[in-house]
Amino acid sequence: RGYDIVYSPHIAKIDLWKTSGHLDFYKESMYSPIDVEGQEYILKPMNCPFAILMYKTKVRSYRDLPLRWGELGTVYRYERSGVLHGLLRVRGFTQDDAHIFCMPDQLKDEIVGIIDLAQYMLRSFGFNEYEIELAVRGKGESEKYIGENENWVLAEEALKDALEQKGLEYKREEGEAKFYGPAIDIKIKDALGRGWQGPTIQVDFNLPERFDVNYIASDGKKHKVVMVHRTVLGAMERFLGCLLEHYAGDFPLWLAPTQVRVLPITDAHDDYSNRIKEQLTGMGIRADCDLRNEKTGFKIREGTLEKIPYLLIIGDREVKEETVSVRSRKNGDEGSLPLSEFLVRVEMEAKNKT
Numbered sequence: 076r077g078y079d080i081v082y083s084p085h086i087a088k089i090d091l092w093k094t095s096g097h098l099d100f101y102k103e104s105m106y107s108p109i110d111v112e113g114q115e116y117i118l119k120p121m122n123c124p125f126a127i128l129m130y131k132t133k134v135r136s137y138r139d140l141p142l143r144w145g146e147l148g149t150v151y152r153y154e155r156s157g158v159l160h161g162l163l164r165v166r167g168f169t170q171d172d173a174h175i176f177c178m179p180d181q182l183k184d185e186i187v188g189i190i191d192l193a194q195y196m197l198r199s200f201g202f203n204e205y206e207i208e209l210a211v212r213g214k215g216e217s218e219k220y221i222g223e224n225e226n227w228v229l230a231e232e233a234l235k236d237a238l239e240q241k242g243l244e245y246k247r248e249e250g251e252a253k254f255y256g257p258a259i260d261i262k263i264k265d266a267l268g269r270g271w272q273g274p275t276i277q278v279d280f281n282l283p284e285r286f287d288v289n290y291i292a293s294d295g296k297k298h299k300v301v302m303v304h305r306t307v308l309g310a311m312e313r314f315l316g317c318l319l320e321h322y323a324g325d326f327p328l329w330l331a332p333t334q335v336r337v338l339p340i341t342d343a344h345d346d347y348s349n350r351i352k353e354q355l356t357g358m359g360i361r362a363d364c365d366l367r368n369e370k371t372g373f374k375i376r377e378g379t380l381e382k383i384p385y386l387l388i389i390g391d392r393e394v395k396e397e398t399v400s401v402r403s404r405k406n407g408d409e410g411s412l413p414l415s416e417f418l419v420r421v422e423m424e425a426k427n428k429t
């Protein structure tokens, strides 16, 4: 989708956060400054100022745009101890952050492209129910936000137009915008109907203004670039927590940490069992082999409790006939299958995300 991968530092001088406005509008969620040889540094609460610094390393032309930079960036936010909650609310987390620099006439297409990507990713992980919110400024709360009113109106219109072009229903949430711009927030619902923060798309005319971020247009003059912040899965820790809640640990095959476990009945079946495991791992299937001197029933119960999609029981008959006795999480005991047939089956299931 045209993204380049970038990496940014974990700390920056305090001046960067003053320029960005984070120190004025986001200070309560930032950690205290760190003194390094007389200079004050702060752990980054967001990645966006670094993307701007990278953009400004050289003069950019309209021919360079849009620029799409993606990063698995770790950020640090001071959350009160009372709101911390397992994987779902933490103080340091890694998110699939991306920043897009574009011209105003490219903006709507970029937002539509992000919405397409977000919907594809949510469907892939089995989240088919979600609500969309358009987070905008609150009335009479201008002191909470930076930037000119004209830019806010343009940003809100671009987000609204993209949602309407996609034919998506959304709820307008006044007072929920970030301090630097409005956003589309997608709240995913798990199997119990609970809502969690999912993809977010933020349009930002204001940080480019504060950092004087330009491009040379076709008229040869400097024009302000438009910046889009986006995450699709959001914080990896929180998304993993949502997946665990959504599936109750009962992951589909393609997501299961261990997809297949091979269970030899005695050590006489170990060689064949190991060959099966090697064939599976060679195909990209996450498989292991339980060679412990335990009863087969115990191994089966343990694998069932771990919610492993496939358990393969190997005895004399399976070794002799080059078969596997299949026990699936969905269907229970499926009986004997030729090894070659099972390999094709599990490979297709993993590939098709079933």
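In terms of the numbering used here, the sequence shown opens at residue 76 and continues consecutively.
Ideal Cβ positions, reconstructed from N, Cα and C, are used throughout, including at glycine.
- Message: Tell me the residue span of the alpha helix (DSSP H) that contains Ala210.
- Response: Judged by DSSP secondary structure, Ala210 falls outside any alpha helix (DSSP H) and instead within the beta strand (DSSP E) spanning 205 to 211.
- Could you tell me if Asn427 is buried or exposed, where buried requires 16 or more neighbouring beta carbons within 10 angstroms of its beta carbon? Classification for Asn427: exposed.
- Item | Option in Lys382, Ala310, Ile360, Pro179 with minimal Cα separation from Gly148 | Selected option, being the one with the closest Cα: Ala310.
- Query: Ala233 lies in the beta strand (DSSP E); which residues open and close that run?
  - Reply: Here Ala233 belongs to no beta strand (DSSP E); instead the alpha helix (DSSP H) covers 224 to 240.
- Task: Just tell me which of Glu115, Ala193, Arg361 has its CA closest to the CA of Arg336.
- Result: The shortest C-alpha to C-alpha distance from Arg336 to any of Glu115, Ala193, Arg361 is the one to Arg361.
- Does the distance from the C-beta atom of Arg212 to that of Ala252 stay below 8 Å? Yes. Within cutoff.
- Return the bridge partner residues of Gln277 from the DSSP annotation. According to DSSP, Gln277 bridges with Ala258, His304.
- Task: Between the Cα of Phe477 and those of Lys235, Ala233, Gln277, spot the shortest distance and give me the residue it belongs to.
- Result: Lying outside 76 to 429, the shown extent of the chain, residue 477 is not represented and no answer is given.
- Message: Please confirm whether Asn289 has its beta-carbon closer than 8 Å to some beta-carbon of chain B.
- Response: Here chain B cannot be found, since the structure has a single protein chain.
- Message: If I measure Cβ to Cβ from Glu154 and keep anything under 7 Å in the same chain, skipping five residues before and after, which residues do I get?
- Response: The residues are Arg164, Arg166.
- Report all residues from its chain with a CB closer than 6 Å to the CB of Ile86; omit the five preceding and five following residues, and keep chain order. Excluding its 5 nearest sequence neighbours in each direction, Ile86 has C-beta neighbours in its own chain below 6 Å: Tyr116, Leu118, listed in chain order.
- Query: Candidates Ser95, Gly77, Ser83: which alpha carbon is nearest Asp279's?
  - Reply: Selected option, being the one with the closest Cα: Ser95.
- Query: Leaving out five residues before and five after Leu315 in sequence, what residues of the same chain have Cβ atoms less than 7 Å from its Cβ?
  - Reply: Hits under 7 Å: Leu162.
- Task: Report the option in Val421, Val419, Arg420, Thr398 whose CA atom is closest to the CA atom of Gly410.
- Result: Checked all of Val421, Val419, Arg420, Thr398; the closest Cα to Gly410 is Thr398.
- Message: As an exercise, report each continuous beta strand (DSSP E) stretch of at least 3 residues that is fully enclosed by the segment 297 to 364, in chain order.
- Response: If you keep only unbroken beta strand (DSSP E) runs of at least 3 residues inside the segment 297 to 364, you get 297 to 299, 301 to 310, 335 to 339, 362 to 364.
- Option in Asp391, Ile351, Ala258 with minimal Cα separation from Glu416: When C-alpha distances from Glu416 are compared across Asp391, Ile351, Ala258, the shortest belongs to Ile351.
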